[in-house]
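J.: Residue numbers (the numbering used here): 10 to 378.
Below is one structure. I have some questions about it.
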Ligand SMILES: [Zn+2]
Ligand SMILES: [Zn+2]
């Protein structure tokens, strides 16, 4: 009886053309390098397209796992039983200790699960030996670094690990309504503890309704898809040099590990939305500082207090509604607007007799000589 054939050895993915040993990505050169004979080769590009964005809705609408693929043909993955992180790597690398919690990974590596494969990646730039030297120097400068940390740094050395991020683009248009407060001071009379009448200045606020629209485009809102590194530490690494983003190629994984994302694409989008909302909120506050909604009967003196605007001397009108009619030469229709003398007045409500509501905005100072 013929002995059972041993399973065919896995084809080596990046064999050295000089000696056949496995090549690894060498950060210093940005090339694949053979650790055995020193031969280098460029990272093979599979008709690499530029890193491009995908429409989110279209992507999410794809059914099943059709759009998922493994990191590479050979990639293996292990899940740490200590912290739950899933880390992928290429043979002949081994799982080793968990790069996040240091626990020894005892489970058998299996073929990496398909995932939303990265479109782009920032290749490592610091070679391993240089990183190791720097960490050692840093540890020596730390008098109180725990011995366990020093031991760990010695034993495990330094390993390069890719961390997952989602990047979101969005074009946004936001309509808002609200109240804009104007502070003014008033002199108030009161009776002090001795029964004497005194006066004091008090600040009061008048509220004006405001409404408007802001638009803003966002590019590369980065959301960490790792939960294994505290968010604050991760954000401390920003800004990332996204200009240097390379189209993803499995060869970059050779000699390195990669963490599988722990935040799913739609959940990351929720996080991205809250990042964008903070920026939009600021835009609205800025715009409403120079724009507000007022009744057509608003006195022009009041307009001066609010926007620092005073029309030319020969103006006959005393209200903002009158002013817009005077400027246009007719009773304006709803939706009509006029820009003059650095402000814009838009008629929001009214009839053939009068202007009832306007939005007044201060135009941005024109760059002129
Ligand atoms: Zn070689
Ligand atoms: Zn772990």
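Think of the CB as a built atom: it goes at the ideal place given N, C-alpha and C, for glycine as much as any other residue.
Among the residues of its own chain, which have a CB less than 6 Å from the CB of residue 18, if the five just before and after it don't count?
T.: The predicted position of residue 18 is uncertain, since its pLDDT is 46 and thus under 50; a value taken from the coordinates is nonetheless stated next. So the list is empty, once near-sequence residues are dropped.
J.: Going by beta carbon distance, what residues of the same chain come within less than 8 Å of residue 297, once the five residues before and after it are set aside?
T.: Answer for residue 297: 185, 187, 189, 219 and 221, listed in chain order.
J.: Specify the secondary structure class of residue 359 as computed by DSSP and reduced to three states.
T.: Here residue 359 sits in strand by DSSP.
J.: Which residue from 304, 245 and 231 puts its Cα closest to that of residue 369?
T.: When only C-alpha atoms are compared, the closest one is 304.
J.: Can you find at least 3 beta carbon pairs, one from the region 311-326 and one from the region 280-295, that sit closer than 8 Å?
T.: No: fewer than three Cβ pairs fall under 8 Å.
J.: So, helix, strand or coil for residue 333, using DSSP?
T.: Residue 333: helix per DSSP, three-state reduction.
J.: Less than 8 Å between the CB atoms is what I'm expecting for residue 122 and residue 178, so what's the real figure, rounded?
T.: Wrong, their Cβ atoms sit about 27 Å apart, outside the cutoff.
J.: Measuring only the C-alpha atoms, how far is residue 109 from residue 265?
T.: Their backbone Cα atoms lie some 14 Å apart in a straight line.
J.: Are there any heavy atoms of ligand 1 lying less than 7 Å away from the beta-carbon of residue 30, as far as the coordinates show?
T.: Result yes, Cβ under 7 Å from ligand 1.
J.: For a quick check, are the C-beta atoms of residue 352 and residue 316 less than 8 Å apart?
T.: Cβ atoms of residue 352 and residue 316: closer than 8 Å.
J.: Exposed or buried, which one is residue 175 when buried takes at least 16 other CB atoms within 10 Å?
T.: Buried, since its Cβ has 16 or more Cβ neighbours within 10 Å.
J.: Per the contact definition of three or more C-beta pairs closer than 8 Å, is the region 23-31 in contact with the region 42-51?
T.: A contact exists between the region 42-51 and the region 23-31.
J.: Answer yes or no: do residue 271 and residue 170 have a C-beta to C-beta separation smaller than 8 Å?
T.: Contact: no.
J.: Less than 8 Å separating the beta-carbons of residue 132 and residue 34?
T.: Yes, they are a contact pair.
J.: What does the alpha-carbon distance come out to for the pair residue 16 and residue 119?
T.: Caution is warranted here: a pLDDT of 47 is assigned to residue 16, below 50, making its placement in the model unreliable, and the coordinate value is therefore given only provisionally. Roughly 16 Å between the two C-alpha positions.
J.: When a residue counts only if its C-beta is closer than 6 Å to some heavy atom of ligand 2, which residues count, in chain order?
T.: Cβ-based neighbours of ligand 2 within the cut-off: 89, 91, 92, 94, 107, 109, 110 and 112.
J.: Just to confirm before moving on: does the CB-CB distance between residue 256 and residue 80 stay below 8 Å?
T.: Result no, Cβ atoms of residue 256 and residue 80 do not sit closer than 8 Å.
J.: Indicate, with yes or no, if ligand 1 has a heavy atom lying under 7 Å from the CB of residue 48.
T.: Yes.
J.: Compute the minimum distance between the beta carbon of residue 27 and the heavy atoms of ligand 1, and state whether it is under 7 Å.
T.: Yes, ligand 1 has a heavy atom inside 7 Å of this Cβ.
J.: Report whether the distance from the Cβ of residue 63 to the nearest heavy atom of ligand 1 is below 7 Å.
T.: No, since every heavy atom of ligand 1 falls outside the 7 Å radius drawn around the Cβ of residue 63.
J.: Kindly indicate which three-state DSSP category residue 98 falls into: helix, strand or coil?
T.: Three-state result, residue 98: strand.
J.: Under three-state DSSP, which class holds residue 244?
T.: Three-state DSSP puts residue 244 in a helix.
J.: Spatial neighbours of residue 62 within its chain, please: C-beta separation below 7 Å, excluding the five flanking residues on both sides.
T.: Around residue 62: 178.
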